[in-house]
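Q: Residue numbers (this note's numbering), protein chains in the order written: chain L, 23 to 232; chain Y, 23 to 232.
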DNA sequence: TCTATTTTATGACTACTAGTCATTTTATAT
DNA sequence: ATATAAAATGACTAGTAGTCATAAAATAGA
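1. By the three-class DSSP mapping on this structure, what secondary structure does residue 175 (chain L) have?
2. Three-state secondary structure (DSSP) at residue 77 (chain L)?
3. What residue from L:219, L:207 and L:180 has the CA that sits closest to residue 194 (chain L)'s CA?
4. Count the other C-beta atoms from every protein chain shown that fall within 10 angstroms of the C-beta of residue 25 (chain Y), then say buried if there are 16 or more, exposed otherwise.
5. Could you name the residues of chain Y that residue 127 (chain L) contacts, counting a contact when the two beta carbons are closer than 9 angstroms?
6. Give me the subset of the segment 58–84 of chain Y whose CB atoms are less than 7 angstroms from a CB atom of chain L, sorted by chain position.
7. Determine the DSSP secondary structure at residue 231 (chain Y), reduced to helix, strand or coil.
8. At 7 angstroms on the CB atoms, spell out the chain L contacts of residue 130 (chain Y), in chain order.
9. Report the neighbours of residue 148 (chain L) on chain Y: residues whose CB is nearer than 7 angstroms to its CB, in chain order.
10. Under a three-way DSSP split, which group does residue 105 (chain L) fall into?
11. In terms of residue numbering, what span does the alpha helix (DSSP H) encompassing residue 27 (chain L) cover?
12. Please list the partners that residue 166 (chain Y) has in chain L, where partner means a Cβ-to-Cβ separation under 8 angstroms.
13. Please name the residue, chosen from L:70, L:36 and L:81, that lies closest to residue 53 (chain L) on a Cα-to-Cα basis.
14. Does DSSP put residue 82 (chain Y) in a helix, a strand or coil?
15. Output, in chain order, the set of chain Y residues within a Cβ distance shorter than 7 angstroms of residue 192 (chain L).
16. Please list the terminal residues of the continuous alpha helix (DSSP H) segment that includes residue 194 (chain L).
17. When the Cα of residue 232 (chain Y) is compared with those of Y:63, Y:176, Y:55 and Y:85, which residue comes out closest?
18. Does chain L have any CB closer than 8 angstroms to the CB of residue 218 (chain Y)?
19. When you compare the CB of residue 116 (chain L) with every CB in chain Y, is at least one pair closer than 8 angstroms?
20. May I have the straight-line CA-CA distance separating residue 76 (chain Y) from residue 36 (chain Y), to the nearest angstrom?
21. Give a yes or no on whether the minimum CB-CB distance between residue 155 (chain L) and chain Y is below 8 angstroms.
22. Given a cut-off of 8 angstroms, decide if residue 48 (chain L) and residue 132 (chain L) are closer than it, judged by their beta-carbon atoms.
23. Using a Cβ-Cβ distance under 8 angstroms, would residue 172 (chain L) count as near chain Y?
24. When the Cβ atoms of the segment 152–171 of chain L are set against those of the segment 97–111 of chain L, are three or more pairs found closer than 8 angstroms?
25. Can you find the residues in the same chain that come closer than 6 angstroms, C-beta to C-beta, to residue 85 (chain Y), ignoring five residues on each side of it along the sequence?
26. Three or more beta-carbon pairs under 8 angstroms between the segment 139–149 of chain Y and the segment 200–215 of chain L, yes or no?
27. How close, in whole Å, do the beta carbons of residue 229 (chain L) and residue 229 (chain Y) come, if the pair is a contact with beta carbons under 8 angstroms?
28. Output yes if chain L places a C-beta closer than 8 angstroms to the C-beta of residue 110 (chain Y); else output no.
29. Can you list the residues of chain L that residue 179 (chain Y) reaches, using a CB-CB cut of under 8 angstroms?
30. Could you give the first and the last residue of the continuous alpha helix (DSSP H) run that contains residue 135 (chain Y)?
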């Protein structure tokens with residue numbers, strides 16, 4: 023009835039409020055330096071209340087990161103719209119990922135922080151992982167584009183498409199992770215992030231060409 | 023004089039004892055689940071003593087990981103000995119890295135854990151980073167092999183060798199990191215680690231071919 | 001409107017652990 | 001044997017995730 027529905031709506035709204043507050047705190051201080059007290063203060067609730075809605079600090083961060091993953095998926099899907107070969111679309115997806123990181127580094131950092139977390143700290147099932155990777159992430163789209171590229175005779179077919187797709191996804195994710203999480207490394211080694219990214223795309227796309 | 027030298031030797035020996043004990047604990051429980059009390063118990067010293075030799079838990083782990091990096095460097099350098107083109111040697115380096123991870127996953131995990139650590143938790147300078155990457159790691163060797171490959175006309179020269187080398191290093195490191203740190207991901211996605219690794223090497227080496 | 005029950009929220013408390021430091025023990029110098 | 005320096009100790013502090021007994025607010029029913 024109406025009251026139960028309203029209460030459920032309010033519960034979801036409260037949950038969203040907590041996620042938004044957490045996002046603010048995590049984005050400004052990073053996951054490790056943020057405390058549940060910080061977040062409680064930001065959302066103006068007691069710390070105990072956070073644990074009514076989330077299992078743990080990691081669980082709350084994961085909710086924040088999933089929002090980020092959804093947004094990243096949106097911009098990379100949008101980048102594949104319009105004309106061009108599968109290879110070109112894959113290139114555009116990669117660059118859209120980089121641009122996403124450049125324009126919203128804190129958001130990308132939240133995705134990478136989730137990526138770095140130990141699975142047992144997250145207490146998620148194999149099914150959860152599959153959903154996250156195949157439905158919320160961009161692997162599925164990469165897979166489709168690789169299959170299309172094989173059909174277009176532009177992408178090599180001697181390596182199974184699903185292996186190519188996963189390898190692509192892992193390497194792009196990783197170089198973006200270096201750029202996002204280790205700017206100091208680039209400074210220390212006197213490397214240009216842009217050049218490394220371009221070099222990476224060039225070599226990886228060249229590597230899958232037929 | 024003799025006494026001062028003996029005391030210095032004993033100090034270094036004590037330091038090595040602590041590192042070995044830490045290695046045992048970190049390898050069996052992982053960095054995050056290990057406590058300084060665990061390590062103190064293993065080495066049969068008081069916790070306060072650990073802080074006479076190391077700045078922090080992360081500092082101690084770094085000492086453990088540096089030993090691992092040195093061993094990895096040794097086996098990958100050995101893999102480049104003997105005949106073959108620069109490309110073949112690069113391939114052998116990559117496979118030696120994978121084999122190292124397979125035969126001593128805890129050791130590789132210690133390297134990857136260091137890699138994932140936030141630089142400010144480690145309080146190391148840019149010079150330290152340069153030393154670690156260029157003198158203790160394998161980037162230097164990769165750089166030389168890429169330059170040799172360009173001379174052999176087997177590796178493309180339109181992308182500067184140092185960018186190729188760093189890109190190679192980052193991508194190999196990253197796929198090995200997935201394999202080392204996220205076995206659950208492979209299970210969840212029903213992927214073969216070996217196939218992903220072979221696919222990765224195939225595509226990346228193909229990508230740098232002239 | 002009042003009372004009982006359910007739901008939501010609270011914040012003091014517990015448990016844990018990195019790191020510290022006043023004190024003790026051991027080694028060295030005189 | 002005594003004074004001093006070096007090495008070691010482990011109780012303690014500080015911080016924080018997570019808990020839970022209790023309170024407050026909302027709802028149901030008479």
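Note that beta-carbon positions come from the ideal geometry of N, C-alpha and C, so glycine has one too.
A: Checking against the coordinates, here is how it stands:
1. Within the first chain, the letter at position 153 stands for residue 175 (chain L). If DSSP states are grouped into helix, strand and coil, residue 175 (chain L) belongs with coil.
2. Residue mapping note: residue 77 (chain L) aligns to position 55 of the first chain, counting from 1. Coil, per DSSP.
3. The residue given as residue 194 (chain L) occupies position 172 in the first chain. Out of L:219, L:207 and L:180, L:219 has the C-alpha closest to the C-alpha of residue 194 (chain L).
4. Within the second chain, residue 25 (chain Y) is the residue found at index 3, counting from 1. Around the CB of residue 25 (chain Y), fewer than 16 other CB atoms lie within 10 Å, so the residue is classed as exposed.
5. Here residue 127 (chain L) refers to the residue found at position 105 when the first chain is read from its first residue. Those do not exist, as residue 127 (chain L) stays about 15 angstroms from chain Y at its closest Cβ, beyond 9 angstroms.
6. Here the close residues number zero.
7. In the second chain, counting from the first residue as 1, residue 231 (chain Y) sits at position 209. In the three-state reduction of the DSSP assignment, residue 231 (chain Y) falls in the strand class, which pools E and B.
8. As a first step, residue 130 (chain Y) must be located in the second chain, where it is residue number 108. Proximity of chain L to residue 130 (chain Y) at the Cβ level (cut-off 7 angstroms) is not reached, the minimal Cβ distance being about 15 angstroms.
9. As a working mapping, residue 148 (chain L) is identified with position 126 in the first chain. Going along chain Y in sequence order, the residues near residue 148 (chain L) (Cβ under 7 angstroms) are 209 and 210.
10. Working through the first chain from its first residue, we reach residue 105 (chain L) at position 83. Residue state, collapsed to three classes: coil.
11. Here the question's residue 27 (chain L) lines up with position 5 in the first chain. For residue 27 (chain L), the uninterrupted alpha helix (DSSP H) run begins and ends at 24–51, by DSSP.
12. Within the second chain, residue 166 (chain Y) is the residue found at index 144, counting from 1. Here the premise fails: no neighbours, minimum Cβ distance about 16 angstroms.
13. As a position in the first chain, residue 53 (chain L) is number 31, starting the count at 1. Per the Cα distances, L:81.
14. The residue given as residue 82 (chain Y) occupies position 60 in the second chain. Of the three classes helix, strand and coil, the one that applies to residue 82 (chain Y) here is helix, per DSSP.
15. As a first step, residue 192 (chain L) is located in the first chain; it is residue number 170 there, counting from the start. 196, 197 and 200, listed in chain order.
16. Locating residue 194 (chain L) in the first chain gives position 172, counting from the first residue. That run of the alpha helix (DSSP H) goes 183–203.
17. The residue given as residue 232 (chain Y) occupies position 210 in the second chain. Minimum Cα distance to residue 232 (chain Y) is reached at Y:176.
18. Along the second chain, one-based indexing puts residue 218 (chain Y) at 196. Interface residue, yes.
19. The residue you call residue 116 (chain L) lines up with position 94 of the first chain. Closer than 8 angstroms: no.
20. Reading the second chain from its first residue, position 54 is the one you call residue 76 (chain Y). Reading the second chain from its first residue, position 14 is the one you call residue 36 (chain Y). Approximately 12 angstroms between the Cα atoms of the pair.
21. The sequence position of residue 155 (chain L) within the first chain is 133, counting from 1. Yes, its Cβ sits closer than 8 angstroms to a Cβ of chain Y.
22. Here residue 132 (chain L) refers to the residue found at position 110 when the first chain is read from its first residue. Here residue 48 (chain L) refers to the residue found at position 26 when the first chain is read from its first residue. Closer than 8 angstroms, so yes.
23. As a working note, residue 172 (chain L) is residue 150 in the first chain. So no, residue 172 (chain L) is outside the interface.
24. Put simply, the segment 152–171 of chain L touches the segment 97–111 of chain L. At least three CB pairs are less than 8 angstroms apart.
25. Counting from 1 along the second chain, the entry for residue 85 (chain Y) is found at position 63. Result list for residue 85 (chain Y): 41, in chain order.
26. The segment 139–149 of chain Y vs the segment 200–215 of chain L: in contact.
27. Taking the first chain and counting its residues from 1, the one referred to as residue 229 (chain L) is at position 207. Taking the second chain and counting its residues from 1, the one referred to as residue 229 (chain Y) is at position 207. Rounded to the nearest angstrom, the Cβ distance from residue 229 (chain L) to residue 229 (chain Y) is 3 angstroms, consistent with a contact under 8 angstroms.
28. Here residue 110 (chain Y) refers to the residue found at position 88 of the second chain. So, not an interface residue.
29. Position 157 of the second chain, counted from the start, is the residue given in the question as residue 179 (chain Y). Within 8 angstroms of the CB of residue 179 (chain Y), no CB atom of chain L is found; the nearest one sits about 13 angstroms away.
30. If you number the second chain from 1, residue 135 (chain Y) lands on position 113. It spans 127–138 - the alpha helix (DSSP H) in which residue 135 (chain Y) sits, taken as one unbroken run.
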